[in-house]
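By the count of our numbering, the sequence shown reaches residue 367 at its end, each step adding exactly one. Glycine included, every Cβ here is placed at the ideal spot set by N, Cα and C.
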Amino acid sequence: ASRYHDGADDEQRGLELVDDIVRWAAGNPGVVVRLARALLTPEVLRTGSTVDLRRRVGSAVATLWLPRQDLSPDAEALGLIWAVALDCPSGDAGVPERLIDDAELITAGLLARDSGRVVPVHPLLPAAALELASSSSLRRAHALLADSVGPDGLAAAWHRAQASTAADEAVADRLDRAVVAADTSLAPASRARALELAVTLSADPVRRAERLSRAAEARLLAGDSAGAEEMLQRVDGAQEATRARVLLLDE
């Protein structure tokens with residue numbers, strides 16, 4: 117979303133967003149109307165806006181399209197597992213074959229085969245599935261994936277953390293170590309997402325502040341200065357040293 121807010125006036129950002137709305141709608145006029153109403157607003161178009169366009173788009177599509185598909189409960193559950201797996205910041209995110217039957221989702225009209233790959237029938241379908249799911253359903257899907265992707269690696273640590281319901285330093289530390297192990301193979305924006313999740317589970321205030329500062333660094337590297345500042349604002353005053361490192365990077 118940052119390209120709408122850097123070096124362009126409100127009118128130019130609006131034109132760029134209209135182009136993307138047409139692309140995202142994939143030929144569906146109803147989706148064009150719904151996305152235009154959701155996205156062409158002063159809140160989105162103003163200079164420096166921090167609106168999460170991905171979530172806003174997903175919500176608009178979810179409320180228009182997905183509920184009309186009349187899916188069976190099993191298809192809904194499998195579709196959510198698939199969407200949750202795709203949302204993992206790990207570059208090798210995927211669904212173990214023993215967990216999901218692609219044929220059922222293809223029959224349900226949610227997935228299609230394209231050059232030997234299984235892909236969503238609409239590019240925003242995964243976001244829509246996540247938007248409509250309850251928090252308990254999301255946790256169950258994450259827990260199932262955590263038990264299925266193997267004991268090690270970022271995907272396992274991410275899903276275990278997402279399945280947690282309270283602060284847990286051991287879970288936060290496991291996710292933190294997985295981010296460190298991924299090193300440069302993890303894009304800055306994905307690294308920030310993982311560290312921010314670790315922050316929410318951190319029971320140790322010192323570790324929490326340190327993870328916040330690293331999340332801010334990752335946001336800066338991803339070109340999201342507003343997100344970096346938001347992270348820094350959450351660092352406790354007693355941990356000013358962690359703020360200083362990030363502020364130096366932004367100079």
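- Message: Comparing C-alpha positions only, which one of V322, D135, V296 and V315 sits nearest to A277?
- Response: V315
- So does the stretch 329 to 340 actually touch the stretch 302 to 318, counting three or more Cβ pairs closer than 8 angstroms? yes
- To which residues of the same chain is I216 closer than 8 angstroms at the C-beta, ignoring the five residues directly before and after it? L194, I197 and W198
- Item | Counted within 10 angstroms of its Cβ, other Cβ atoms place D268 as buried (16 or more) or exposed | exposed
- Task: Tell me whether A228 sits in a helix, a strand or coil according to DSSP, three-state version.
- Result: strand
- Could you check if R184 is buried or exposed, using at least 16 other CB atoms within 10 Å of its CB as the buried criterion? exposed
- Message: Quick check on DSSP: helix, strand or coil for R233?
- Response: strand
- C-beta contact flag for G130 and L161 at 8 angstroms: yes
- Just to confirm, are A344 and R350 a CB contact at a threshold of 8 angstroms? no
- Query: So what does DSSP say about M175, is it helix, strand or coil?
  - Reply: According to the sequence displayed, residue 175 carries Ser and not Met. DSSP places S175 in helix when its eight states are reduced to three.
- Item | Cα-Cα separation, A176 to A245 | 11 angstroms
- Of all the alpha helix (DSSP H) runs that stay within the bounds of the stretch 285 to 331, which reach a length of 4 or more residues? 285 to 298 and 304 to 317
- Message: Going by C-alpha to C-alpha distance, which of A224, S264 and D230 sits closest to A191?
- Response: A224
- Query: Secondary structure at W181, three-state DSSP: helix, strand or coil?
  - Reply: coil
- Message: For A142 and E326, what's the separation of their Cα atoms in angstroms?
- Response: 42 angstroms
- Message: Distance check for S252 and H258, CA to CA, integer angstroms please.
- Response: 10 angstroms
- Sequence-distant residues of the same chain with beta carbon closer than 6 angstroms to E247, five excluded per side: G174, S175 and A178
- Message: Given this structure, state the Cα-to-Cα distance separating A219 from R323, to the nearest angstrom.
- Response: 45 angstroms
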